[in-house]
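Scroll down for the structure; my scribbles are underneath it.
Residue numbers (the UniProt record's numbering): 1 to 74.
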């Protein structure tokens with residue numbers, strides 16, 4: 001069992017860090033779902049390129065594009 005410090009900090013067990021590849025300096029994401037907390041190692045760059053299928057329209061200026069987006073909402 002682990003104790004939460006006054007600063008709400010918890011030490012991750014070495015065995016779990018070794019098993020999941022979490023090392024000092026790594027970033028983690030923390031989620032709550034149905035009363036349970038989950039810690040997931042953040043892999044920097046893992047989402048890189050995920051929006052690459054989106055293409056800019058070269059026939060519109062930025063202002064025209066913004067106006068078009070606003071008009072689509074109304």
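Here a beta-carbon is modelled for each residue, glycine too, at the ideal position from N, C-alpha and C. Keep in mind it's a predicted model, so treat the numbers as computed, not measured.
Proximity winner among the options, relative to residue i (alpha-carbon distances)
{"i": "residue 30", "options": "9, 63, 61, 53", "result": "9"}
{"i": "residue 24", "options": "52, 1, 13", "result": "13"}
{"i": "residue 42", "options": "20, 36, 4, 32", "result": "20"}
Residue range of the unbroken alpha helix (DSSP H) whose run includes residue i
{"i": "residue 20", "result": "14 to 20"}
Alpha carbon of residue i to alpha carbon of residue j, nearest angstrom
{"i": "residue 56", "j": "residue 44", "result": "25 Å"}
{"i": "residue 11", "j": "residue 28", "result": "13 Å"}
{"i": "residue 72", "j": "residue 60", "result": "15 Å"}
{"i": "residue 37", "j": "residue 69", "result": "38 Å"}
{"i": "residue 35", "j": "residue 66", "result": "41 Å"}
{"i": "residue 26", "j": "residue 15", "result": "16 Å"}
Range covered by the beta strand (DSSP E) that runs through residue i
{"i": "residue 37", "result": "36 to 41"}
{"i": "residue 28", "result": "28 to 33"}
Cβ shell of residue i (< 8 Å), same chain only, five flanking positions each side left out
{"i": "residue 52", "result": "none"}
{"i": "residue 17", "result": "23"}
Beta-carbon proximity list for residue i, same chain, < 6 Å, skipping 5 on both sides
{"i": "residue 22", "result": "41"}
{"i": "residue 39", "result": "28, 30"}
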